[in-house]
Amino acid sequence: MFTVWRPRRREDEIEQMVAARMARHKLYERKPAPTLSFVIEESVLERPFGGVNVLRGQLEQILLVAENPHVEIQVMPTRVTDHAGADGPFTMMAPEGGEQVAYVESQANGRVITKRESVRGFAVRYGILRAQALSPAESVRHIEKLLQGDL
Numbered sequence: 020m021f022t023v024w025r026p027r028r029r030e031d032e033i034e035q036m037v038a039a040r041m042a043r044h045k046l047y048e049r050k051p052a053p054t055l056s057f058v059i060e061e062s063v064l065e066r067p068f069g070g071v072n073v074l075r076g077q078l079e080q081i082l083l084v085a086e087n088p089h090v091e092i093q094v095m096p097t098r099v100t101d102h103a104g105a106d107g108p109f110t111m112m113a114p115e116g117g118e119q120v121a122y123v124e125s126q127a128n129g130r131v132i133t134k135r136e137s138v139r140g141f142a143v144r145y146g147i148l149r150a151q152a153l154s155p156a157e158s159v160r161h162i163e164k165l166l167q168g169d170l
């Protein structure tokens with residue numbers, strides 16, 4: 020996916036980004052396993068960045084991750100036009116023994132939000148997002164249907 024960005028990144032930058040992403044995959048193997056919850060925009064699951072085979076591999080990987088009992092994946096249907104994440108993506112984190120924080124990212128940089136009132140607002144938005152999205156079981160079925168169809 021990193022190779023389709025424009026302007027194209029240097030090879031060493033791409034290697035760093037791939038290494039960072041692969042290191043994050045170790046989260047799924049950690050003991051005790053963290054509880055992870057993702058809401059994924061449906062349109063992202065249909066866009067073949069890098070080609071159809073890359074998309075197929077990504078969808079298969081999402082289904083594999085969804086089998087983990089500590090992971091919930093939900094799809095936000097495109098038909099939901101006024102969802103709580105319309106302002107852009109964000110991440111909620113609650114480190115063990117620490118306070119919950121929010122993280123927002125843009126193309127240029129990211130920002131950790133620690134102010135309690137702001138974090139609470141993001142937590143409320145995430146709860147609304149989850150309520151608006153397909154259930155985890157419906158989401159898995161939806162992704163399986165995408166894989167069975169013409170990508």
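Here our numbering runs 19 ahead of the position in the sequence shown, where the first position is 1. Backbone N, C-alpha and C fix where the C-beta goes; we use that ideal spot for every residue, glycine too.
Where does residue i land, buried or exposed, given buried means 16+ other C-beta within 10 angstroms?
i: Q93; result: buried
i: F141; result: buried
i: M41; result: exposed
i: M112; result: exposed
i: I147; result: exposed
i: L55; result: exposed
i: A103; result: buried
i: V71; result: exposed
Pull up the CB-CB distance for residue i and residue j, whole angstroms please, since I reckon it's below 8 Å.
i: V58; j: A150; result: Wrong, their Cβ atoms sit about 10 Å apart, outside the cutoff.
i: V131; j: Y122; result: 5 Å
i: L166; j: R43; result: Contact doesn't hold; Cβ gap of about 23 Å is too wide.
By alpha-carbon positions, which one of the options ends up nearest to residue i?
i: E143; options: Q119, H161 and S125; result: First, the residue type needs correcting, since residue 143 is Val and not Glu in the sequence shown. Among Q119, H161 and S125, the Cα nearest to that of V143 belongs to Q119.
i: V90; options: D169, L165, S158 and E163; result: S158
i: G129; options: P67, T110 and Q80; result: T110
i: L83; options: D169, G116 and R160; result: R160
i: S154; options: E136, T133, E32 and M95; result: M95
i: A52; options: I81, E115, A156 and Q126; result: E115
Note down, in chain order, each residue of its chain lying with its Cβ closer than 7 Å to the Cβ of residue i, except the 5 sequence neighbours on either side.
i: V99; result: Q151
i: P2; result: This structure gives no information on residue 2, because the portion of the chain shown stretches from 20 to 170.
i: A38; result: none
i: L78; result: L64, I162, L165 and L166
Taking CB distances under 7 Å as the criterion, tell me whether residue i reaches chain C.
i: F57; result: In the structure shown, chain C does not exist; there is a single protein chain.
Looking only at its own chain, which residues have a Cβ that is under 8 Å from the Cβ of residue i, when we skip the five neighbours before and after it?
i: D169; result: none
i: S137; result: A121
Give me, in chain order, the residues of the same chain whose beta-carbon lies closer than 6 Å to that of residue i; leave out the 5 immediate sequence neighbours on both sides.
i: A85; result: I92 and V159
i: P67; result: L74
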